[in-house]
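> Residue numbers (the working numbering): 91 to 300. Here it is: the structure, laid out below.
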Ligand SMILES: [Zn+2]
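Next up, the structure:
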């Protein structure tokens, strides 16, 4: 009986301890391993038996509707949401880690939502493109980078010269800021090899973002 009481007290003390949340951002160009790094962190959290929830925006129909998938075919189950507000409403009681893929396709409200979750004591990990194909910062990622406790910048390798690549070079002519799921439409380029418009158009891709 004494033992039970003691355990109860311990638990009580544990819950009184302030839980600190934080924001991690994994940002980089296409083919830099962002989703792979996100999935790696989520898998480690699950091994530690933490309650993990993963979200992706509806725009990303690449490969799988209920998983986030890296170019190297690593995958993790996920929920698809249309807005940042919907994401917030779907975070369940007891969730300790929230993963978000393709952060650049969310609305500006994602910044507030991520802040809110971290304030509640959750660990929030957001992966996304930091620049569009013209080299411009891709909202809302720049805001997330500004408020994150931890930032990981991932790099690819320039297909032209082998240097570290920080840009997503669009290589076909297509309307819209992004060509979703059309990995063939892009290649990783370094600063010197990058040209901020479609380079050497070879085909016309119609599955642009809608
Ligand atoms: Zn290069």
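Quick reminder that beta carbons are idealized off the backbone N, C-alpha and C, glycines included.
1. Which partner residues does residue 219 have in the DSSP bridge list?
2. Do you know how far the Cα of residue 232 is from the Cα of residue 226?
3. So, at 6 Å on beta carbons, what are the nonlocal neighbours of residue 185 in its own chain, with the 5 sequence-adjacent residues on each side left out?
4. Does residue 257 pass the burial test, meaning 16 or more other C-beta atoms within 10 Å, or should it be called exposed?
5. Determine the direct distance from the alpha carbon of residue 183 to that of residue 117, and round the result to whole angstroms.
6. What is the rounded straight-line gap between the Cα of residue 163 and the Cα of residue 274?
7. Kindly indicate which residue of 264, 259, 283, 285 has the alpha-carbon position closest to the one of residue 120.
8. Helix, strand or coil: how does DSSP classify residue 214 here?
9. What separation, rounded to the nearest whole angstrom, lies between the Cα atoms of residue 130 and residue 170?
10. Could you tell me if residue 191 is buried or exposed, where buried requires 16 or more neighbouring beta carbons within 10 angstroms of its beta carbon?
11. Do residue 135 and ligand 1 come close, with the Cβ less than 8 Å from some heavy atom?
12. Apart from the five residues on each side of it in sequence, which residues of its chain come closer than 6 Å, Cβ to Cβ, to residue 222?
13. Report whether the distance from the Cβ of residue 143 to the nearest heavy atom of ligand 1 is below 8 Å.
Inspection of the coordinates gives the following:
1. 118
2. 10 Å
3. 141, 143
4. buried
5. 28 Å
6. 16 Å
7. 259
8. strand
9. 20 Å
10. buried
11. no
12. 228, 267
13. no
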